[in-house]
Amino acid sequence: MKQILCEGSPYEIGHAHGKGSMKEIKRGIAFYAALFIEKAGLNWSEVRALASEFDGVIRTKWPRYYEELEGVAKGAGRDLLDIIALNVRSEIVFGRFSDGCTSLYCQGKEYAYMGQNWDWLEDQKANLIQLTIHQANLPAIHMVTEAGIIGKIGYNSSGVGVCFNAIRAKGVDKNRLPAHLGLRLALESTSAEAAAKSLEDIGMASSAYILMGDAATAIGLEFTSTTFARLPVNDHGFVAHSNHMRLHHRDIYEPKWLEDSPVRIKTMEHNVLQAGELSWDVFGELFEDESNYPCSISRAAEGASDIATLFNIAVDLKRKTAVVKEDMVPSDQDGYKSQSVLELMSLKGKVTVVTGAARGIGLALARGAGELGSDIAVLDALQEPSEDLASWGLGVRVGYYRTDVTKFDQLTETFRKINEDFGGIDNCITAAGIVLDKPFLEHQWEESARILNVNVMGTLFCAQLAAKAMQAQNRGGSIVMIASNAAYGALPSRTMAVYGASKGAITSLTRALAVELAQFGIRVNSVSPGFIATEMIMDVSRQDANLWKTFNSTPPLQRVGARQDLKGIVGYLLSDAAAYTTGTDVVVDGGLNCGRA
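Sequential numbering of the sequence shown, starting at 1, is according to UniProt numbering.
What follows is the structure, given as structure tokens:
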């Protein structure tokens, strides 16, 4: 699922959303255009005309949201009414079609969890995105949504979670707040009670159910265009809901829809009571129940069911973290068509930290990340980089931080400053390293310790600080550590025992961290270059011409490597194209590690 960081003014937030999900918005509009024709007999021009009736109300009553919608439209290259139509689709359909869901809040002595399955037509799965929104004087929002829609399901930095269940009760009031904008308002609240009161005070345009929870309590709010009813946490510490009204609403007509809706609630309540005190893992397993399959809590588009569970979100409200799971049931085999390779390789909206990047391999890798669209934070012990980073003209933010990776306090402060300057960290490349080409029997304690401190300790704690930032942001990330083919054995004409040992430590660390950090969605890989034509290699070669011949003759490809040869593989490992790749060391040495011809 694509992740997009949005920050700044309402317009800037919307623009980042729209630009980052342009393809998904285009597909989403096509999806709903076809659905409106099929289910309501409305073509997209007619849908836009109905959406226009909400334009003035949103602009007048909720100008901040209107500006954000304008930004989404501009960023995605769409007309504003297309985006408004997506955001008021619940009001336009007037109960003729809806997505399904099962939601739950559970509270115990040591925990407060909430979550839901989101069930909908499988064609819309490819258009789901994760948004992280930073806006002035409001909690940061982490949300899963349909591309183009500015309010959906998630939680915020105040520890307030929001879930959503569609209900088909009739009635629309176009002067009140549309349901998806109501979800956004709830996600901007500092408590569940404040969220519920805000919605009740404003009034909702159509019918639905919003579950709002925090560490202290939860409120399940059923509403129509004329009524509200609160469903409280029960005596057992939980509240469950699906896709029908559980409470009485005066003068409301609710047509029968999903016959399994009451069954799913009954199943969920039974399973919660059977489980007793919940662990985090057991809470997540509650949403995997397949009783009454395919019309189960974990739903499949088979037989009597035309919709499927497209994702599950579980939120730990005390820790202020969440896990999003896709593929709760077998997915469309054509999913490989949903994004092109170029889209998968893009790092737009990401922030990449690169250590040891004032020159050499690190500098090239920093530029490579920028060429893929990432903002770049460059770290090095040198006073300044060997190139003017601003002259690259890549259209991304670039910052230089003079930092010694062997000084932990200095390193910690630098990562804090990067977080502050860039608004987060998504990727980290650890390229800081030094080499000593010297016979083993002549190695001294101090010089050997220096190699291990820079190459091993510096790498370890840069990776740790990056991982801590990624964990706090709860949107995953990628760490790529630069090792060396010296980790695999002695190199021709070189005596680098301690250097090789330090790089072997990195390949081992890669595998250990890949396992340990996977639970946070953080991938860890390493790259082991062979002979690469850096300034250092060129200086050594000028002193010994035979070395240059060795560099160009011993690899099977019969040439020394270029820094350009590393940019692509590191960019791949940073990107979503490598979403299923972790714990791997990629050797880039022209075949030297395979043997010599």
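For every residue, glycine included, the Cβ atom is placed at its ideal position computed from N, Cα and C. Remember, it's a predicted structure, so these values are computed and weren't measured experimentally.
| field | Distance, L247 Cα to N525 Cα | value | Looking at the two C-alpha atoms, the distance is approximately 52 Å.
| request: Could you name the residues that DSSP lists as bridge partners for G100? | output: DSSP links G100 through a beta bridge to D119.
| Extent of the continuous alpha helix (DSSP H) run through Q471 | Counting along the chain, the alpha helix (DSSP H) containing Q471 begins and ends at G458 to Q473.
| Residue ranges of each alpha helix (DSSP H) within the stretch 384-448, 4 or longer | If we require 4 residues or more, the alpha helix (DSSP H) runs fully inside the stretch 384-448 come out as 408-422.
| field | K266, DSSP secondary structure in three states | value | In the structure shown, K266 sits in a helix (DSSP, three-state: H, G or I).
| Residues near V282 by beta carbon distance below 8 Å, same chain, minus five either side | Excluding sequence neighbours, V282 sits near A275.
| field | Reduced DSSP category for T132 - H, G, I as helix; E, B as strand; rest coil | value | In the structure shown, T132 falls within a strand segment according to DSSP collapsed to helix, strand and coil.
| message | So, with DSSP's three-state summary, where would you put I313? | response | Three-state result, I313: strand.
| Got a sec? Which residues, its chain only, sit under 7 Å from M457 by beta carbon, not counting five neighbours each side? | Same-chain partners within the cutoff: T406.
| request: State the DSSP-derived secondary structure class of Q558, mapped to helix, strand or coil. | output: In this structure, DSSP gives Q558 a state outside helix and strand, which the three-state scheme calls coil.
| query | Just how far apart, CA to CA, sit I13 and W548? | reply | If you take the alpha carbons of I13 and W548, they lie about 52 Å apart.
| said: If I follow the unbroken alpha helix (DSSP H) through N87, where does it start and stop? | reply: First-last of the alpha helix (DSSP H) with N87: L80 to N87.
| task | Excluding the 5 residues preceding and the 5 following A240 in the sequence, name in chain order all residues of the same chain whose CB lies nearer than 6 Å to its CB. | result | Within the same chain, L104, I265, M268 and E269 come within 6 Å of A240 by CB-CB distance, once the 5 residues on both sides are set aside.
| Are V341 and A377 closer than 7 Å when you measure CB to CB? | Not a contact, by the Cβ cut-off of 7 Å.
| field | Check whether E160 and L183 have beta carbons under 7 Å apart | value | According to the sequence provided, residue 160 is Val. The question's Glu does not apply to it. 7 Å or more divides the Cβ of V160 from the Cβ of L183.
| said: Less than 8 Å between C-beta atoms, sequence neighbours within five positions excluded: which residues of the same chain meet that for Q564? | reply: The residues are A364.
| Of the choices I129, R78 and S291, whose alpha-carbon is the least far from that of I150? | Out of I129, R78 and S291, the CA that lies nearest to the CA of I150 is found in I129.
| task | Output the distance between the C-alpha atoms of K503 and A487, rounded to the nearest integer angstrom. | result | C-alpha of K503 to C-alpha of A487: approximately 5 Å in a straight line.
| In whole angstroms, what is the alpha-carbon distance linking Q200 and F228? | Before going further, note that residue 200 is Glu rather than Gln in the sequence given. The alpha-carbon separation between E200 and F228 amounts to approximately 7 Å.
| query | Quick one: is Y400 buried, meaning 16 or more other Cβ sit within 10 Å of its Cβ, or exposed? | reply | Per the 10 Å Cβ criterion, buried.
| task | Determine, using beta-carbon pairs with one atom in the stretch 429-444 and one in the stretch 384-397, whether at least three such pairs fall under 8 Å. | result | Verdict: no, contact absent.
| request: Return yes when the Cβ of A186 is within less than 7 Å of the Cβ of A112, no when it is not. | output: Between A112 and A186, the C-beta gap is not smaller than 7 Å, which leaves the two residues out of contact.
| query | Which partner residues of N165 appear in the DSSP bridge assignment? | reply | Per DSSP, the beta bridge partners of N165 are Y209.
| said: So for A377, helix, strand or coil by DSSP? | reply: Assigned with DSSP and collapsed to three states, A377 falls in strand.
| query | Quick one: any contact between the stretch 160-179 and the stretch 31-45, if contact means 3 or more CB pairs under 8 Å? | reply | Contact between the stretch 160-179 and the stretch 31-45 is absent: fewer than 3 CB-CB pairs across the two stretches fall below 8 Å.
| How many whole angstroms separate the CB atoms of A322 and G284, which I take to be in contact at a CB cut-off of 8 Å? | Not really, about 11 Å apart at Cβ, beyond 8 Å.
| field | Limits of the alpha helix (DSSP H) - the one that K23 falls within | value | Here the alpha helix (DSSP H) through K23 covers M22 to A40.
| DSSP state of D565, grouped into three classes? | It is helical.
| request: Compute the beta-carbon to beta-carbon distance between G20 and M345, rounded to the nearest angstrom, for a pair I have assumed lies under 8 Å. | output: G20 to M345, Cβ: 14 Å. No contact.
| request: Going by CA-CA distance only, name the one from K318, G213 and D119 that's closest to E302. | output: With distances taken between CA atoms, E302 lies nearest to D119 out of K318, G213 and D119.
| query | Do V435 and V527 have their C-beta atoms within less than 7 Å of each other? | reply | Contact flag unset, no.
| task | Grab me the residues of L80's own chain with a C-beta within less than 7 Å of its C-beta, minus the 5 sequence neighbours each way, in chain order. | result | For L80, where only same-chain residues beyond five positions count, the Cβ hits under 7 Å are L69, E70 and A73.
| field | Cβ pair count under 8 Å reaching 3, the stretch 409-427 against the stretch 454-472 | value | Because the criterion of three Cβ pairs below 8 Å is met, the stretch 409-427 and the stretch 454-472 touch.
| message | Which residue marks the beginning of the alpha helix (DSSP H) containing M245, and which one marks its end? | response | Run containing M245: none; DSSP gives neither H nor E here.
| request: Work out the CA separation of K318 and M496 for me, nearest whole Å. | output: Their backbone Cα atoms lie some 50 Å apart in a straight line.
| request: Could you check which residue in S448, L509 and A578 has the C-alpha nearest to that of S478? | output: Ranking S448, L509 and A578 by Cα distance to S478 puts A578 first.
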